[in-house]
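Under the working numbering, the final residue of the sequence shown carries the number 1473; numbering is consecutive throughout.
Where a beta carbon is used, it is the ideal one built from N, C-alpha and C, also for glycine.
Only one structure is covered here, and it is reproduced in the block below.
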Amino acid sequence: MIIEDIYGVTEITEPVLIDLLHSKPVQRLKGIYQAGAGFFVQPKWNTTRYEHSVGALILVRKLGASLEEQIAALLHDVSHTAFSHTVDYALGRANEDYHEEIFDEIVRRSEIPSILRSHGYSTNLLNDIEKWTLLEKNAPDLCGDRIDYTLRDQYNYGFITAEEIHSFLHTLIVIDGTICISSLEQAEWFVNIYYQEVIDFFLDPLNVYAYQLLAKALNYSFKQNIITKNELLLEDEQVMNRLRSSQNIKLKEMLSRLSPGVQVEEKKEDYEFYQKNKLRLIDPLVFIDNKTVRASSLSPQVHTMNKLARDRTERGTYVKLKRVHKDSLY
(Lines of atoms letter the chains of each structure in order from A and count residues from 1; the text may use other names and numbers.)
(Lines give C-alpha, C1' and ligand atoms only; values in the text may rest on other atoms or scores of the structure.)
Protein backbone atom coordinates (compact mmCIF):
# COMPACT_ATOMS: atom_id res chain seq x y z
CA MET A 1 0.00 0.00 0.00
CA ILE A 2 1.28 3.45 -0.96
CA ILE A 3 -0.09 6.52 0.82
CA GLU A 4 0.75 10.02 -0.34
CA ASP A 5 -0.73 13.50 -0.45
CA ILE A 6 -1.19 13.77 -4.20
CA TYR A 7 -2.95 10.50 -5.10
CA GLY A 8 -4.08 9.27 -1.71
CA VAL A 9 -4.05 5.53 -1.01
CA THR A 10 -2.98 3.13 -3.77
CA GLU A 11 -2.94 -0.63 -3.33
CA ILE A 12 -0.09 -2.27 -5.25
CA THR A 13 -0.50 -6.06 -5.29
CA GLU A 14 1.14 -7.10 -8.57
CA PRO A 15 4.29 -9.15 -7.72
CA VAL A 16 6.31 -7.65 -10.58
CA LEU A 17 5.66 -4.10 -9.35
CA ILE A 18 6.42 -5.05 -5.76
CA ASP A 19 9.73 -6.65 -6.76
CA LEU A 20 10.69 -3.66 -8.92
CA LEU A 21 9.79 -1.20 -6.17
CA HIS A 22 12.25 -2.99 -3.88
CA SER A 23 14.99 -3.34 -6.50
CA LYS A 24 18.29 -1.49 -6.08
CA PRO A 25 17.91 0.73 -9.19
CA VAL A 26 14.51 2.00 -8.03
CA GLN A 27 15.52 2.35 -4.36
CA ARG A 28 18.61 4.33 -5.46
CA LEU A 29 16.27 7.04 -6.75
CA LYS A 30 15.47 7.95 -3.14
CA GLY A 31 18.92 9.57 -3.14
CA ILE A 32 18.53 11.45 -6.43
CA TYR A 33 16.96 14.89 -6.09
CA GLN A 34 14.76 16.04 -8.92
CA ALA A 35 16.02 19.61 -8.46
CA GLY A 36 19.58 18.46 -9.12
CA ALA A 37 22.12 21.01 -7.98
CA GLY A 38 19.34 23.23 -6.68
CA PHE A 39 18.96 21.04 -3.58
CA PHE A 40 22.43 22.06 -2.37
CA VAL A 41 21.54 25.76 -2.26
CA GLN A 42 17.89 25.35 -1.23
CA PRO A 43 17.23 22.20 0.85
CA LYS A 44 13.45 22.59 0.57
CA TRP A 45 13.79 21.65 -3.12
CA ASN A 46 13.96 18.03 -2.03
CA THR A 47 11.57 16.05 -4.25
CA THR A 48 13.26 12.77 -5.18
CA ARG A 49 13.23 10.82 -8.41
CA TYR A 50 11.79 7.91 -6.42
CA GLU A 51 8.75 9.94 -5.36
CA HIS A 52 8.23 11.06 -8.95
CA SER A 53 8.67 7.56 -10.41
CA VAL A 54 6.15 6.06 -8.01
CA GLY A 55 3.86 9.01 -8.69
CA ALA A 56 4.05 8.49 -12.45
CA LEU A 57 3.20 4.81 -11.92
CA ILE A 58 0.17 5.66 -9.78
CA LEU A 59 -1.08 8.35 -12.15
CA VAL A 60 -1.01 6.22 -15.31
CA ARG A 61 -2.51 3.36 -13.29
CA LYS A 62 -5.45 5.57 -12.31
CA LEU A 63 -5.84 6.56 -15.95
CA GLY A 64 -6.20 2.93 -17.01
CA ALA A 65 -2.67 2.05 -18.16
CA SER A 66 -1.77 -1.56 -18.79
CA LEU A 67 0.55 -3.31 -16.32
CA GLU A 68 3.33 -3.04 -18.91
CA GLU A 69 2.93 0.73 -19.10
CA GLN A 70 2.88 0.93 -15.30
CA ILE A 71 6.21 -0.94 -15.27
CA ALA A 72 7.61 1.51 -17.81
CA ALA A 73 6.39 4.43 -15.69
CA LEU A 74 8.07 3.12 -12.55
CA LEU A 75 11.37 2.55 -14.37
CA HIS A 76 11.48 5.56 -16.69
CA ASP A 77 13.97 7.49 -14.51
CA VAL A 78 16.25 4.70 -13.24
CA SER A 79 19.12 5.90 -15.44
CA HIS A 80 19.19 9.41 -14.01
CA THR A 81 22.66 10.16 -12.73
CA ALA A 82 23.48 11.93 -9.51
CA PHE A 83 22.36 15.59 -9.61
CA SER A 84 19.78 14.78 -12.32
CA HIS A 85 19.94 17.17 -15.28
CA THR A 86 22.96 19.04 -13.89
CA VAL A 87 25.09 16.42 -15.62
CA ASP A 88 23.62 17.43 -19.00
CA TYR A 89 25.08 20.90 -18.52
CA ALA A 90 28.43 19.46 -17.45
CA LEU A 91 28.52 17.34 -20.60
CA GLY A 92 27.11 20.00 -22.92
CA ARG A 93 23.88 18.10 -23.64
CA ALA A 94 21.48 20.84 -24.76
CA ASN A 95 18.59 18.38 -25.12
CA GLU A 96 19.06 17.24 -21.51
CA ASP A 97 18.98 13.62 -22.61
CA TYR A 98 22.09 11.95 -21.15
CA HIS A 99 19.96 9.70 -18.93
CA GLU A 100 18.05 8.55 -22.01
CA GLU A 101 21.27 7.74 -23.87
CA ILE A 102 22.52 5.46 -21.10
CA PHE A 103 19.12 3.98 -20.18
CA ASP A 104 19.54 0.63 -21.98
CA GLU A 105 23.02 0.07 -20.58
CA ILE A 106 21.99 0.91 -17.01
CA VAL A 107 18.98 -1.39 -17.16
CA ARG A 108 20.96 -4.23 -18.77
CA ARG A 109 23.63 -4.12 -16.05
CA SER A 110 21.07 -4.19 -13.24
CA GLU A 111 18.76 -6.78 -11.67
CA ILE A 112 15.79 -5.37 -13.62
CA PRO A 113 15.97 -7.83 -16.57
CA SER A 114 15.98 -10.85 -14.26
CA ILE A 115 13.04 -9.46 -12.27
CA LEU A 116 11.07 -8.86 -15.44
CA ARG A 117 11.90 -12.31 -16.85
CA SER A 118 10.90 -14.00 -13.61
CA HIS A 119 7.42 -12.53 -14.05
CA GLY A 120 7.16 -13.26 -17.78
CA TYR A 121 8.09 -9.85 -19.16
CA SER A 122 10.82 -8.68 -21.51
CA THR A 123 12.94 -5.56 -21.18
CA ASN A 124 11.71 -4.68 -24.68
CA LEU A 125 8.62 -3.17 -23.09
CA LEU A 126 10.83 -0.39 -21.70
CA ASN A 127 11.74 0.71 -25.22
CA ASP A 128 8.14 1.07 -26.42
CA ILE A 129 7.97 4.74 -25.46
CA GLU A 130 5.79 5.63 -28.44
CA LYS A 131 3.39 2.91 -27.36
CA TRP A 132 3.05 4.18 -23.79
CA THR A 133 1.18 7.38 -24.60
CA LEU A 134 -0.15 7.88 -21.07
CA LEU A 135 3.40 7.96 -19.70
CA GLU A 136 5.19 9.91 -22.44
CA LYS A 137 3.88 12.23 -25.10
CA ASN A 138 5.67 14.93 -27.04
CA ALA A 139 4.94 18.52 -26.03
CA PRO A 140 2.63 20.33 -26.06
CA ASP A 141 0.43 17.36 -25.01
CA LEU A 142 -0.12 16.17 -21.48
CA CYS A 143 1.52 12.97 -20.23
CA GLY A 144 1.89 11.21 -16.91
CA ASP A 145 5.55 12.14 -16.55
CA ARG A 146 4.93 15.84 -17.22
CA ILE A 147 1.83 16.04 -15.03
CA ASP A 148 3.38 14.30 -12.03
CA TYR A 149 6.61 16.25 -11.79
CA THR A 150 4.70 19.51 -12.15
CA LEU A 151 2.10 18.71 -9.51
CA ARG A 152 4.65 17.13 -7.17
CA ASP A 153 7.16 19.97 -7.20
CA GLN A 154 4.57 22.72 -7.00
CA TYR A 155 2.84 20.97 -4.11
CA ASN A 156 6.01 20.12 -2.19
CA TYR A 157 7.30 23.67 -2.56
CA GLY A 158 4.04 25.14 -1.27
CA PHE A 159 2.59 26.77 -4.40
CA ILE A 160 -0.55 24.64 -4.81
CA THR A 161 -2.82 22.73 -2.43
CA ALA A 162 -3.95 19.11 -2.30
CA GLU A 163 -7.51 20.32 -2.93
CA GLU A 164 -6.46 22.07 -6.13
CA ILE A 165 -4.63 18.96 -7.30
CA HIS A 166 -7.62 16.71 -6.66
CA SER A 167 -9.94 19.09 -8.51
CA PHE A 168 -7.60 18.98 -11.50
CA LEU A 169 -7.15 15.18 -11.45
CA HIS A 170 -10.92 14.68 -11.50
CA THR A 171 -11.05 16.42 -14.89
CA LEU A 172 -8.49 14.18 -16.59
CA ILE A 173 -9.87 11.81 -19.20
CA VAL A 174 -8.26 9.60 -21.83
CA ILE A 175 -9.38 9.81 -25.45
CA ASP A 176 -7.70 7.63 -28.07
CA GLY A 177 -4.73 7.08 -25.78
CA THR A 178 -4.20 10.79 -25.09
CA ILE A 179 -4.72 12.54 -21.75
CA CYS A 180 -7.23 15.38 -22.09
CA ILE A 181 -8.94 17.76 -19.69
CA SER A 182 -12.72 18.06 -19.46
CA SER A 183 -12.65 21.62 -18.09
CA LEU A 184 -11.15 24.72 -19.74
CA GLU A 185 -10.80 26.33 -16.31
CA GLN A 186 -8.69 23.40 -15.10
CA ALA A 187 -6.66 23.46 -18.32
CA GLU A 188 -5.82 27.12 -17.66
CA TRP A 189 -4.91 26.26 -14.08
CA PHE A 190 -2.51 23.52 -15.13
CA VAL A 191 -0.85 25.60 -17.85
CA ASN A 192 -0.22 28.30 -15.27
CA ILE A 193 1.40 25.98 -12.72
CA TYR A 194 3.34 24.18 -15.43
CA TYR A 195 5.01 27.45 -16.36
CA GLN A 196 5.61 28.17 -12.68
CA GLU A 197 7.60 24.93 -12.81
CA VAL A 198 9.52 25.12 -16.09
CA ILE A 199 9.98 28.89 -16.21
CA ASP A 200 9.77 30.38 -12.72
CA PHE A 201 11.43 27.41 -10.99
CA PHE A 202 13.77 25.91 -13.60
CA LEU A 203 15.00 29.39 -14.54
CA ASP A 204 15.04 30.76 -10.99
CA PRO A 205 18.40 32.61 -10.69
CA LEU A 206 19.35 30.59 -7.61
CA ASN A 207 18.61 27.34 -9.46
CA VAL A 208 20.58 28.47 -12.50
CA TYR A 209 23.49 29.49 -10.29
CA ALA A 210 23.57 26.07 -8.63
CA TYR A 211 23.29 24.15 -11.90
CA GLN A 212 25.99 26.10 -13.65
CA LEU A 213 28.41 26.07 -10.72
CA LEU A 214 28.05 22.35 -10.05
CA ALA A 215 28.23 21.59 -13.78
CA LYS A 216 31.49 23.56 -13.90
CA ALA A 217 32.80 21.64 -10.87
CA LEU A 218 31.84 18.29 -12.42
CA ASN A 219 33.41 19.14 -15.75
CA TYR A 220 36.62 20.15 -13.97
CA SER A 221 36.53 16.96 -11.87
CA PHE A 222 36.24 14.77 -14.96
CA LYS A 223 39.24 16.47 -16.56
CA GLN A 224 41.30 16.15 -13.37
CA ASN A 225 40.29 12.50 -12.91
CA ILE A 226 38.84 13.33 -9.51
CA ILE A 227 35.72 11.34 -10.35
CA THR A 228 34.56 9.35 -13.38
CA LYS A 229 31.23 9.31 -15.18
CA ASN A 230 30.58 5.84 -13.75
CA GLU A 231 30.62 7.31 -10.24
CA LEU A 232 27.64 9.45 -11.21
CA LEU A 233 25.57 6.28 -10.88
CA LEU A 234 25.84 6.63 -7.11
CA GLU A 235 23.45 8.83 -5.11
CA ASP A 236 23.72 12.63 -4.91
CA GLU A 237 25.22 12.79 -1.43
CA GLN A 238 27.68 9.98 -2.15
CA VAL A 239 29.06 11.76 -5.20
CA MET A 240 29.12 15.10 -3.40
CA ASN A 241 31.09 13.54 -0.54
CA ARG A 242 33.65 12.19 -3.02
CA LEU A 243 34.00 15.62 -4.58
CA ARG A 244 34.36 17.28 -1.19
CA SER A 245 36.98 14.78 -0.06
CA SER A 246 39.30 15.93 -2.85
CA GLN A 247 42.24 18.08 -1.82
CA ASN A 248 42.12 19.99 -5.12
CA ILE A 249 42.10 23.68 -4.14
CA LYS A 250 40.18 24.90 -7.19
CA LEU A 251 37.45 22.30 -6.71
CA LYS A 252 37.19 23.11 -3.01
CA GLU A 253 36.70 26.79 -3.84
CA MET A 254 33.90 26.01 -6.29
CA LEU A 255 32.11 23.68 -3.88
CA SER A 256 32.41 26.19 -1.03
CA ARG A 257 30.10 28.46 -3.00
CA LEU A 258 27.46 25.75 -3.41
CA SER A 259 25.46 25.79 -0.19
CA PRO A 260 22.49 27.43 1.53
CA GLY A 261 23.03 31.09 2.26
CA VAL A 262 24.09 32.02 -1.26
CA GLN A 263 22.48 35.20 -2.57
CA VAL A 264 22.22 35.85 -6.29
CA GLU A 265 20.52 38.29 -8.61
CA GLU A 266 19.39 38.24 -12.22
CA LYS A 267 21.62 40.75 -13.97
CA LYS A 268 22.56 40.86 -17.62
CA GLU A 269 25.50 43.17 -17.01
CA ASP A 270 28.60 41.68 -15.46
CA TYR A 271 26.94 38.30 -15.01
CA GLU A 272 28.77 35.17 -13.90
CA PHE A 273 26.52 32.44 -15.29
CA TYR A 274 24.03 32.19 -18.14
CA GLN A 275 21.60 29.37 -18.78
CA LYS A 276 19.14 28.75 -21.59
CA ASN A 277 16.92 25.72 -21.08
CA LYS A 278 15.33 23.64 -23.79
CA LEU A 279 11.89 24.89 -24.83
CA ARG A 280 9.08 23.25 -22.84
CA LEU A 281 5.62 24.36 -23.96
CA ILE A 282 2.24 22.95 -22.91
CA ASP A 283 -1.09 23.28 -24.72
CA PRO A 284 -3.36 20.51 -23.45
CA LEU A 285 -6.27 19.10 -25.35
CA VAL A 286 -9.62 20.05 -23.85
CA PHE A 287 -12.65 17.81 -24.39
CA ILE A 288 -15.56 20.16 -24.98
CA ASP A 289 -18.75 19.91 -27.05
CA ASN A 290 -17.91 16.27 -27.72
CA LYS A 291 -14.58 17.05 -29.42
CA THR A 292 -10.96 17.75 -28.44
CA VAL A 293 -9.56 21.24 -28.95
CA ARG A 294 -6.27 22.86 -27.97
CA ALA A 295 -6.64 25.01 -24.89
CA SER A 296 -4.90 27.93 -26.61
CA SER A 297 -7.63 28.08 -29.27
CA LEU A 298 -10.25 28.47 -26.55
CA SER A 299 -8.39 30.59 -24.02
CA PRO A 300 -6.58 33.89 -24.67
CA GLN A 301 -4.93 33.32 -21.28
CA VAL A 302 -3.29 30.06 -22.42
CA HIS A 303 -2.29 31.63 -25.74
CA THR A 304 -0.60 34.51 -23.89
CA MET A 305 1.11 32.22 -21.37
CA ASN A 306 2.57 30.14 -24.20
CA LYS A 307 3.97 33.21 -25.92
CA LEU A 308 5.48 34.54 -22.70
CA ALA A 309 7.01 31.14 -21.92
CA ARG A 310 8.57 30.92 -25.37
CA ASP A 311 10.02 34.43 -25.07
CA ARG A 312 11.30 33.78 -21.55
CA THR A 313 12.96 30.54 -22.58
CA GLU A 314 14.61 32.17 -25.55
CA ARG A 315 15.97 34.94 -23.35
CA GLY A 316 17.50 32.59 -20.78
CA THR A 317 18.74 33.71 -17.36
CA TYR A 318 21.79 35.82 -16.51
CA VAL A 319 22.99 35.38 -12.93
CA LYS A 320 25.38 37.32 -10.77
CA LEU A 321 26.54 36.22 -7.33
CA LYS A 322 25.78 38.76 -4.61
CA ARG A 323 27.05 37.01 -1.50
CA VAL A 324 28.12 33.65 -0.07
CA HIS A 325 27.07 33.27 3.55
CA LYS A 326 30.03 33.21 5.90
CA ASP A 327 28.96 29.82 7.29
CA SER A 328 28.55 28.25 3.86
CA LEU A 329 31.90 26.45 3.73
CA TYR A 330 31.33 22.71 4.01
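- Inclusion of I1255 and P1168 in the CB contact set at 8 Å is warranted, their separation being smaller than that value.
- According to the DSSP assignment, I1258 belongs to the alpha helix (DSSP H) that extends over 1255-1261.
- Separation of V1197 and D1284 (C-alpha to C-alpha, rounded to the nearest whole angstrom) is 21 Å.
- Going by C-alpha positions, V1334 is about 22 Å away from L1200.
- Counting only the Cα atoms, E1194 lies some 19 Å from F1183.
- I1342 sits in a helix when the DSSP states are folded into three classes.
- Residue pairing by DSSP puts L1315 in a beta bridge opposite I1324.
- Between Y1363 and K1393 a beta carbon distance of about 7 Å is seen, short of the 8 Å cut, so the two are scored as contacting.
- Here T1293 carries a helix assignment [DSSP, helix/strand/coil].
- Short of 6 Å from the beta carbon of A1330, and not among the five residues preceding or following it, lie these beta carbons of its own chain, in chain order: I1324, P1427, V1429, A1438.
- Between the region 1414-1423 and the region 1341-1353 there are three or more inter-stretch CB-CB distances shorter than 8 Å, so the stretches are counted as touching.
- Straight-line spacing of the CA atoms in N1384 and I1308 works out to 37 Å.
- Given a length threshold of 3 residues, each whole run of the beta strand (DSSP E) inside the region 1150-1190 is given here in chain order: 1151-1153.
- DSSP places L1441 in the helix class (H, G or I) of the three-state scheme.
- In this model, L1377 and V1221 are separated by some 12 Å (Cα to Cα).
- Residue pairing by DSSP places Y1352 in no beta bridge whatsoever.
- Rounded to the nearest angstrom, the Cβ distance from I1336 to F1302 is 7 Å, consistent with a contact under 8 Å.
- Distances from the alpha-carbon of L1269 to those of T1447, E1457, L1218 put L1218 closest.
- The Cβ-Cβ distance between D1379 and I1175 falls below 8 Å.
- When the beta-carbon positions are compared, Q1213 and L1160 come within less than 8 Å of each other.
- Note on geometry: alpha-carbon atoms of T1190 and Q1177 lie some 6 Å from one another.
- H1223 sits buried, since 16 or more C-beta atoms from the chains shown fall within 10 Å of its C-beta.
- Between the C-alpha atoms of T1456 and M1448 there is a straight-line separation of about 12 Å.
- Taking each of L1375, R1400, N1433 in turn and checking the Cα distance to D1231, the smallest one comes out for L1375.
- Residue state for Y1363 is assigned as helix, using DSSP reduced to three classes.
- In terms of Cβ geometry, E1408 and K1465 form a close pair [threshold 8 Å].
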